[in-house]
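Residue numbers (the working numbering), protein chains in the order written: chain G, 1 to 271; chain S, 1 to 271.
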């Protein structure tokens with residue numbers, strides 16, 4: 001297995017990005033670039049620890065999370081992340097981050113992975129940032145403020161382009177129902193990037209068809225970004241997405257251009 | 001529906017790329033950039049003609065193909081392309097191109113689409129070039145010469161990462177057999193980009209699970225590139241991939257890191 005030769009540029013951030021979010025994103029891109037230069041694909045994919053979220057941590061995740069933890073500490077904010085869990089730096093502000101969303105893509109070299117995080121004040125997410133590592137493209141959003149980019153506005157599944165998580169044992173039928181009802185289907189294996197594609201109107205929706213795969217940090221950036229762009233971010237079973245340092249909690253996230261399209265997806269998945 | 005605001009950079013080409021292929025790729029990137037700036041997503045997606053290949057042509061395809069046709073004419077080579085069909089410029093050399101592979105992605109704004117083409121001398125493809133529009137990343141290959149990038153070398157489906165075309169009516173069972181046998185599944189909806197990901201070792205294989213979707217220009221760049229990188233490019237049913245200006249012909253392309261992995265995929269798909 002070879003190294004991935006492609007560069008990871010620095011993120012293209014808006015100047016009014018919160019300094020702690022900006023520092024974390026910059027540290028993440030730099031660390032991922034260094035990780036690609038230092039390690040083969042096989043080494044990046046290797047499981048090096050069991051994370052605080054109860055799932056194994058790949059080397060690429062560990063390297064990028066360590067850089068983010070340093071950035072959070074320097075910025076004087078707390079951190080909630082998958083391997084480290086909750087790191088209390090004595091602040092009312094907490095960065096909730098997925099250091100590398102799409103870890104398998106990031107390790108293998110599929111150019112679809114990102115940094116995603118939100119700044120939480122007390123228990124309210126107030127600002128989100130998602131950075132696509134391979135291009136440096138960044139999507140910012142603030143809770144309750146409209147974004148310059150907008151969702152497609154689509155309301156029905158017929159004719160829609162939908163990103164889905166891959167089918168797993170037990171979700172095959174729901175998966176195929178959505179695939180047959182929608183016009184176009186994609187499986188990119190990076191929830192955070194797929195949900196910003198919903199926010200910017202490039203796809204109409206994203207769904208986990210019932211596998212309960214998502215942790216808080218897989219959805220928290222979308223929870224701010226998708227509604228700010230005019231869309232909806234929900235759990236398949238209506239469970240509220242609330243800030244909770246207990247990383248064993250899981251959801252099935254649905255992001256859609258409109259609340260009506262989210263409802264149509266949920267109805268189709270639940271059959 | 002809004003315009004896609006992201007830039008399309010010029011391709012990063014090796015200086016020894018054949019001038020006709022290089023000119024076509026540069027023209028394609030420039031035309032796609034201009035098309036994004038001039039048209040909304042809905043306009044780019046609109047069907048403006050029936051192509052020589054028997055399928056509808058979107059506006060984005062027509063705009064990019066026109067720019068490529070001018071480049072081919074200036075370079076003094078023939079062109080075989082999806083809408084135009086065979087354009088005889090009186091040369092022994094023919095550019096066989098897919099102006100925009102992943103047309104729906106390109107129109108909607110999903111950042112996964114590419115230029116792909118091969119230079120054919122008489123009836124033999126001798127050089128291929130694939131350019132990922134959103135990043136400018138380019139993959140060159142010459143028939144019979146090893147490339148600097150290599151496939152993953154994987155030989156078995158268990159543990160593999162596989163890109164699949166989306167399931168269609170009649171291919172659902174074969175699709176799900178592959179999804180359950182492989183470790184990771186992706187559906188990027190851009191055959192030419194997915195096959196160069198096989199060539200560079202970022203995924204282990206790509207397959208059309210029997211829908212006979214591929215035309216010659218969807219596979220001809222991979223036909224040079226994947227074997228030059230150590231892999232195999234085959235048709236599901238063993239039909240030879242030969243240069244033929246009859247664009248109504250179809251194949252089900254299989255690209256794999258090794259001939260053994262291609263065989264395993266074919267066996268699994270045919271059930």
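All residues carry an ideal CB built from backbone N, CA and C; glycine is no exception. Just so it is clear, the structure is predicted and the values come from calculations on it, not from any experiment.
Q) Under 7 Å Cβ-Cβ, which residues of chain S neighbour residue 76 of chain G? A) Within 7 Å Cβ-Cβ: nothing; residue 76 of chain G doesn't reach chain S, min ~34 Å.
Q.
If you reduce the DSSP assignment to three classes, tell me which class residue 165 of chain G lands in.
A. coil
Q: Tell me where the alpha helix (DSSP H) around residue 65 of chain S begins and ends.
A: 59 to 75
(Q) For residue 188 of chain G, count the other beta carbons within 10 Å of its own beta carbon; 16 or more makes it buried, fewer makes it exposed. Which is it? (A) buried
**Q.** Best match in G:132, G:105, G:110 for proximity to residue 117 of chain G [C-alpha to C-alpha]
**A.** G:132
(Q) When you compare the segment 55 to 75 of chain S with the segment 171 to 185 of chain S, are there three or more beta-carbon pairs, one atom per stretch, that lie closer than 8 Å? (A) no
Q | chain S contact for residue 170 of chain G (CB, 9 Å cutoff) | A | no
Q) Can you pull the DSSP bridge partners for residue 140 of chain S? A) S:129
Q. Going straight from the alpha carbon of residue 214 of chain S to that of residue 207 of chain G, what length do you get?
A. 28 Å
Q. Three-state secondary structure (DSSP) at residue 156 of chain S?
A. coil
Q | Whole-number beta carbon distance between residue 108 of chain S and residue 72 of chain S, since they are thought to touch under 8 Å | A | Incorrect: roughly 28 Å between the Cβ atoms, too far for contact.
Q) What number of angstroms, rounded off, separates the C-alpha of residue 29 of chain G from the C-alpha of residue 130 of chain S? A) 26 Å
Q: Starting from the Cα of residue 4 of chain G, find the closest Cα among G:13, G:38, G:23 and give me that residue.
A: G:38
Q.
Classify residue 240 of chain S: buried if its beta carbon has 16 or more other beta carbons within 10 angstroms, exposed otherwise.
A. exposed
Q | Exposure label - residue 247 of chain S; buried when at least 16 CB within 10 Å | A | buried
Q) Taking Cβ-Cβ distances shorter than 9 Å, what residues in chain S pair up with residue 150 of chain G? A) 2
Q) Between the segment 63 to 77 of chain S and the segment 18 to 29 of chain S, do at least 3 Cβ pairs fall closer than 8 Å? A) yes
Q) Could one say the Cβ of residue 187 of chain S lies closer than 9 Å to chain G's Cβ atoms, at least one of them? A) yes
Q) CB residue 205 of chain S to CB residue 166 of chain S, shorter than 9 Å? A) no
Q) When DSSP labels each residue in this structure, what does residue 47 of chain G get in the three-state scheme? A) strand
Q: Using the DSSP secondary-structure output, state which residues sit across from residue 98 of chain G in a beta bridge.
A: G:116
**Q.** Residue range of the unbroken beta strand (DSSP E) whose run includes residue 80 of chain S
**A.** 78 to 81
Q.
With a threshold of 9 Å between beta carbons, is residue 6 of chain S in contact with chain G?
A. yes
Q: Give the residues of chain G in contact with residue 104 of chain S, contact being defined as C-beta atoms less than 8 Å apart.
A: 161, 184
Q: With a 10 Å radius around its C-beta and 16 neighbouring C-beta atoms as the bar for buried, classify residue 144 of chain G as buried or exposed.
A: exposed
**Q.** Residue from S:232, S:211, S:169, S:161 with nearest C-alpha to residue 272 of chain G
**A.** Nothing about residue 272 of chain G can be read from this structure; chain G reaches only from 1 to 271.
Q. Relative to the C-alpha of residue 36 of chain G, which residue among G:15, G:64, G:12 is closest?
A. G:64
Q: Look up residue 254 of chain S in the DSSP assignment and give the residues it is bridged to.
A: S:207, S:234
Q. Roughly how many whole angstroms lie between the Cα atoms of residue 43 of chain S and residue 122 of chain G?
A. 45 Å
Q) Taking the alpha-carbon positions, what's the residue 203 of chain G to residue 233 of chain G distance? A) 14 Å
Q) Beta carbon of residue 225 of chain S, beta carbon of residue 135 of chain S: below 9 Å? A) no
**Q.** Where residue 179 of chain S meets chain G, residues with beta-carbon distance less than 7 Å
**A.** 166, 167
**Q.** residue 186 of chain G, enclosing beta strand (DSSP E) - first and last residue
**A.** 184 to 186
Q: Check whether the Cβ of residue 59 of chain G lies closer than 9 Å to any Cβ atom in chain S.
A: no
Q: List the whole-angstrom C-beta distance separating residue 254 of chain S from residue 264 of chain S, where the pair is believed to meet the contact cut-off of C-beta under 8 Å.
A: Not really, about 10 Å apart at Cβ, beyond 8 Å.
Q: Measure the C-alpha to C-alpha separation of residue 87 of chain G and residue 249 of chain G and round it to an integer number of angstroms.
A: 18 Å
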